[in-house]
Structures are given as C-alpha cells and as structure tokens.
Amino acid sequence: MVCMFSGLLIGCQNSAKVLVECKVDGEKGFLCEVKHTEGKAKAKACWDAVVTCANATKVTGSGCHEVAPGAKAQHLIPFEEIKNKDKCDKAVSFDVTNVKVTIVK
24 MVCMFSGLLI GCQNSAKVLV ECKVDGEKGF LCEVKHTEGK AKAKACWDAV VTCANATKVT
84 GSGCHEVAPG AKAQHLIPFE EIKNKDKCDK AVSFDVTNVK VTIVK
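Okay, so the sequence shown: first residue is 24 according to our numbering, each after it adds one.
Structural data, given as structure tokens:
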C-alpha cells in the first residue's frame, strides 16, 4: 500500500509545499519519502501514517523530517514505534494524515 499527502505553509516571505508519500515495508516499518515541491524556504514536515484494519483497528506511526527546497529525503518509522500493529487482522487502507509543515529558520 502506498499513500501520499501534501502539506502547504504560506507566509509573507517564506513558503513551502511538502509532499509526504509512505508505504509499508514488511521488514522495517513505514518507509516515507518527504519531498519539497514548492517554495524557497527549508521546511519541516510532521505526519501520521495510519493503516485501517478490517477489525477497525488503527495502526499508527508518526514521523517528522526536515527537507531543503527542491530536495527529497527518506524517513523510516520503524515497527517498534508503530502503535497497535499486533491488533490488526487485515489491512484495508493506508493514509498519511495530519501533515503539518513549518518553516525552518
């Protein structure tokens, strides 16, 4: 499963748009790519990666990563940091939610 979400922060002089795309890596956890797509300011994106299971369990991991204008980076949310993973019977959807972007000074 792959999911993506975009966060946007616009200020008077600085702006940044960051795209966060995550997928489940069966051996490691949630592997996310953080891509700075617009603006000239360095930005920090924070997000939640959420798997919804058939039994209504929400499996959640959170991440934050700084990214420079035009750059992209990988961020791993390891299984040890993912909540409720042992309670999921079968994954039915995967979303990136609560994306917040702040300008890094």
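We put the beta carbon where it would ideally sit given N, CA and C, even for glycine.
Measuring CA to CA, which of the options is closest to residue i?
{"i": "V122", "options": "D48, E89, K51, E50", "result": "E89"}
{"i": "E13", "options": "L99, K40, I100", "result": "Residue 13 is absent from the model: the chain starts at 24 and stops at 128."}
{"i": "C55", "options": "I105, S38, I100", "result": "I100"}
Would you list the residues sitting across from residue i in a DSSP beta bridge?
{"i": "I100", "result": "F53"}
{"i": "V82", "result": "V74"}
{"i": "T125", "result": "K67"}
{"i": "A114", "result": "C76"}
{"i": "K106", "result": "T83"}
Kindly indicate which three-state DSSP category residue i falls into: helix, strand or coil?
{"i": "D48", "result": "strand"}
Should residue i go down as buried or exposed, given a rule of 16 or more other Cβ atoms within 10 Å for buried?
{"i": "T120", "result": "exposed"}
{"i": "V115", "result": "exposed"}
Mind checking whether residue i and residue j have CB atoms under 7 Å apart?
{"i": "F102", "j": "G49", "result": "no"}
{"i": "K46", "j": "V82", "result": "no"}
{"i": "T80", "j": "K113", "result": "no"}
{"i": "K67", "j": "T125", "result": "yes"}
{"i": "F117", "j": "V57", "result": "no"}
{"i": "H59", "j": "G93", "result": "yes"}
{"i": "C87", "j": "C69", "result": "yes"}
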